[in-house]
Amino acid sequence: MRGGRKNLKKEALQGCPEPQEGQLIMQVVSLRGSNLIEVMDSMDSKTLAMLPAKFHKSLWIKRGSYVLVEGSNREKASEAGSKVTCMIVHVLFDEQVRTLQKSCYWPEGFNVDKCQRCSETSKERSDVNGVTNMDKLDLPIQKEQENHESEESSSDDGLPPLEANCNRRTPQQLDLTSSEEETSDSDL
C-alpha cells in the first residue's frame, strides 16, 4: 500500500506507538509557524522540533498535546548551533496518551496535576506577554454592572455576576437627528 494521507491518518489513529530507542515523549509548548514546533521534555527543557511534510494537512497539533520525537541527535544538533534539534515521528492522541500513561514508557515529569500545570502556564503567559489579569482591569461595563447590582440586590438569586466579554467589540450606535432622517427619506 502506498503511504497516502488516508493511510497516514489510519496509522496515526490505530494502536499505540511505543517509543523506540532514541525516541522521547514531549509536550507541545507553542507553535512557531509553518513546520516548527516548540516542545518540552519531562525535565522542562525546551527545544524546537520539525514537523515532517507528510503530516501537513493531515494531522494538526495544538498547544498542550503530546508528540513522539526522534531525539537521538539532540546534543549533536545543539552543539552544531542548530536551533531545530529533533523531528516529530508521531502525534499522540488522547487515547494513546492514556494508554502510555498506564505503561512504563510515560515520563515521570509529565505526571504533574493538569490544573497545576495549566495555572503555571497561564501565569507564565501573562508575564511574558505583559497582559494584566482581567480582575484588575477597570472597565466601564463592569462599573455599570456593579452599580446595577447594588440597586437591585433584592433580585439576587445566588448566581455570580457575569463578566464582560472583552474579546467582543461593542457595536457603535449612531444617533440620527430628525433632520438627518428626513433628508435620508427624501433621497429615496
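Using our numbering, the first residue of the sequence shown is number 13, and each one after it goes up by one.
We treat Cβ as the ideally placed atom computed from N, Cα and C, and that holds for glycine.
With three or more CB-CB distances shorter than 8 Å, the segment 71-88 counts as touching the segment 35-42.
Counting only the Cα atoms, Ser94 lies some 31 Å from Gln108.
In its chain, beyond the 5 residues on either side, Ser54 have a beta carbon closer than 7 Å to the beta carbon of Glu120.
In the structure shown, the three-state DSSP call for Arg44 is strand. Taking Glu30 as the centre and dropping the five residues before and after it, the same chain places the C-beta of Tyr117 closer than 7 Å to its C-beta, in chain order.
From the listed residues Lys114, Gly27 and Leu43, the smallest Cα separation to Gly76 is found for Leu43.
Secondary structure of Gln113 (DSSP, three-state): helix. With respect to the 8 Å criterion, Val41 and Val79 are not classified as neighbours on the basis of their beta carbons. Nearest in C-alpha terms to Ala89, of all of Ala61, Val103, Ala65 and Thr111, is Ala61.
The C-alpha of Gln185 is placed about 44 Å away from the C-alpha of His68. Beta bridge pairing from DSSP links Glu50 with Ser42 and Leu60.
For Glu87, the enclosing alpha helix (DSSP H) starts and ends at Arg86 to Glu91.
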